[in-house]
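Colleague:
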Amino acid sequence: MNRACIAAFMACPAQRLVLSMYDVELLCRSDGLGRMYAVLRKRCARIVNEDMREGEECFVIHARLPVVESFGLTDDLRKRTSGQVSMPQLRPGGWEVLDIDPLQRDASGKIAVLGETHIKMWQRQQEALKKLKLQNTEVTDAAGQNDAQPSSPISDTDSDDSQVEEELAKDEIITDLNRIRGYLKDVRKRKGLNINEQLVVEGAKQRTLTKNK
945 MNRACIAAFM
955 ACPAQRLVLS
965 MYDVELLCRS
975 DGLGRMYAVL
985 RKRCARIVNE
995 DMREGEECFV
1005 IHARLPVVES
1015 FGLTDDLRKR
1025 TSGQVSMPQL
1035 RPGGWEVLDI
1045 DPLQRDASGK
1055 IAVLGETHIK
1065 MWQRQQEALK
1075 KLKLQNTEVT
1085 DAAGQNDAQP
1095 SSPISDTDSD
1105 DSQVEEELAK
1115 DEIITDLNRI
1125 RGYLKDVRKR
1135 KGLNINEQLV
1145 VEGAKQRTLT
1155 KNK
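Quick note: the sequence shown, position 212, residue 1156 per this note's numbering, numbers continuous.
(1) Give the straight-line distance between the Cα atoms of Ser1030 and Asn993, rounded to the nearest whole angstrom.
(2) Alpha carbon to alpha carbon, how far is Cys956 from Ser1026?
(3) Between the C-alpha atoms of Val1012 and Ser964, what's the straight-line distance to the nearest angstrom?
(4) Please state whether the Cβ-Cβ distance between Tyr966 and Leu1009 is less than 8 Å.
(5) Please work out which residues of its chain come closer than 8 Å, Cβ to Cβ, to Phe953, disregarding the five sequence neighbours upstream and downstream, and give them in chain order.
(6) Would you grab the beta carbon distance between Leu1042 and Ala1007 for me? Rounded to a whole angstrom, and I think it's under 8 Å.
(7) Say the cut is 7 Å; is the CB of Gly978 nearer than that to a heavy atom of the ligand NAP?
(8) Looking at the unbroken beta strand (DSSP E) that takes in Ala1007, where does it start and where does it end?
(9) In the DSSP assignment, find the beta strand (DSSP E) that holds Val983 and state where it starts and stops.
(10) Just to confirm before moving on: does the CB-CB distance between Trp1039 and Val962 stay below 8 Å?
(11) Go through its chain and collect everything with a Cβ distance to Cys972's Cβ below 8 Å, but skip five positions before and after it.
(12) Is Ala1092 helix, strand or coil by DSSP?
(13) Which residues in the same chain have their Cβ closer than 6 Å to the Cβ of Gln1033, if we skip the five residues on either side of it in sequence?
(14) Quick check on the burial criterion: 16 or more other C-beta atoms within 10 angstroms. Buried or exposed for Met945?
(15) Tell me which residues share the same chain as Ser1014 and place their Cβ nearer than 6 Å to its Cβ, disregarding the 5 neighbours each side in the sequence.
(16) Identify, in the order they occur along the chain, each residue of the same chain with its Cβ nearer than 6 Å to the Cβ of Asp995, setting aside the five sequence neighbours on each side.
(17) Are any of the Cβ atoms in chain B nearer than 8 Å to that of Ala951?
(18) If you run the structure through DSSP and keep just helix, strand and coil, what is Ile1139?
(19) Express the C-alpha separation of Lys1135 and Gln1142 in angstroms, rounding to a whole number.
(20) Buried or exposed, going by whether 16 or more other CB atoms sit within 10 Å of the CB of Cys949?
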């Protein structure tokens, strides 16, 4: 029954991870905001509100942080900001559905979770690829129609900007998929499940093909 339920769930094309969240409250001085935001951005936090206390040079920041990213947050903030940030107040903030398909291919063609047969392309990646194809066809059609006309610098800059935006979108997709891949591998390691990785126990005792004469 357990295997049947897992197989039915894996056959569904819309699996999503549900992350437990913390509501974080921080108190920071103005000269340490940049370093504090860098730490929160690294841990995939989302800033909800930022207020300044009257009569003080301190800011009160409210953010949403995944529980899985909260380990070691206090030490990281203390080291990066040289103690200019107060101790973070963490309160349970419910659950959030991470709108990313963890069992899909990324932009490089690799499967997010190795060994899975279910592969589904993410909607954002499909839209980005469709836009890129449409732009390439439009550029080629315009080049074929205007062979005798000199190309304007404005159109060149627009095409360059669109290509940069597409590259940034692909990088964002790859980053999100790597994040999901890390979450899934950590959960499977804790549960003792197979993660399809080779574990080298004795690196110095590997078999060699050399012949001792």
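In this text, a Cβ means the ideal position worked out from N, Cα and C, and glycines have one as well.
Modeller: A quick look at the data gives this:
(1) On the sequence shown, position 86 is the one that residue 1030 refers to. On the sequence shown, position 49 is the one that residue 993 refers to. If I take the Cα positions, the gap works out to 17 Å.
(2) Here residue 956 is taken as the residue at index 12 of the sequence shown, counted from 1. Here residue 1026 is taken as the residue at index 82 of the sequence shown, counted from 1. Straight-line Cα distance between these residues: approximately 48 Å.
(3) For the purposes of this step, residue 1012 is taken as the residue at position 68 of the sequence shown. For the purposes of this step, residue 964 is taken as the residue at position 20 of the sequence shown. If I take the Cα positions, the gap works out to 8 Å.
(4) Within the sequence shown, the letter at position 22 stands for residue 966. Within the sequence shown, the letter at position 65 stands for residue 1009. In this structure, Leu1009 lies closer than 8 Å to Tyr966 by Cβ.
(5) The residue you call residue 953 lines up with position 9 of the sequence shown. The residues are Gln959.
(6) Reading the sequence shown from its first residue, position 98 is the one you call residue 1042. Reading the sequence shown from its first residue, position 63 is the one you call residue 1007. The Cβ separation is near 17 Å, so there is no contact.
(7) Within the structure as shown, the ligand NAP is missing, as the structure has no ligands at all.
(8) Stepping through the sequence shown from its first residue, residue 1007 is reached at position 63. Here the beta strand (DSSP E) through Ala1007 covers Cys1002 to Pro1010.
(9) By 1-based counting over the sequence shown, the position of residue 983 is 39. Not the beta strand (DSSP E): Val983 falls in the alpha helix (DSSP H), residues Leu977 to Lys986.
(10) As a working note, residue 1039 is residue 95 in the sequence shown. As a working note, residue 962 is residue 18 in the sequence shown. Yes, the Cβ-Cβ distance between Trp1039 and Val962 is below 8 Å.
(11) For the purposes of this step, residue 972 is taken as the residue at position 28 of the sequence shown. Within the same chain, Cys972 has close Cβ partners Met980, Cys1002, Phe1003, Ile1005, Thr1025, Gln1028, Val1029 and Ser1030.
(12) Sequence index remark: in the sequence shown, residue 1092 carries index 148 (1-based). In this prediction, Ala1092 scores a pLDDT of 46, lower than 50, which makes its location untrustworthy; the coordinate-derived value is nonetheless stated afterwards. Coil at Ala1092, not helix or strand.
(13) Translated into positions along the sequence shown, residue 1033 becomes position 89. Closer than 6 Å at the Cβ level, and outside the excluded window around Gln1033, lie Glu969.
(14) In the sequence shown, the residue the question calls residue 945 occupies position 1. Answer is exposed; the Cβ neighbour count stays below 16.
(15) Here the question's residue 1014 lines up with position 70 in the sequence shown. These residues qualify, in order along the chain: Tyr966.
(16) As a position in the sequence shown, residue 995 is number 51, starting the count at 1. Val1004.
(17) Chain labels in this structure do not include chain B; a single protein chain is all it has.
(18) As a working mapping, residue 1139 is identified with position 195 in the sequence shown. It is coil, neither helix nor strand.
(19) Against the sequence shown, residue 1142 aligns to sequence position 198. Against the sequence shown, residue 1135 aligns to sequence position 191. Their Cα atoms are separated by approximately 17 Å.
(20) As a first step, residue 949 must be located in the sequence shown, where it is residue number 5. Exposed: under 16 other Cβ atoms inside 10 Å.
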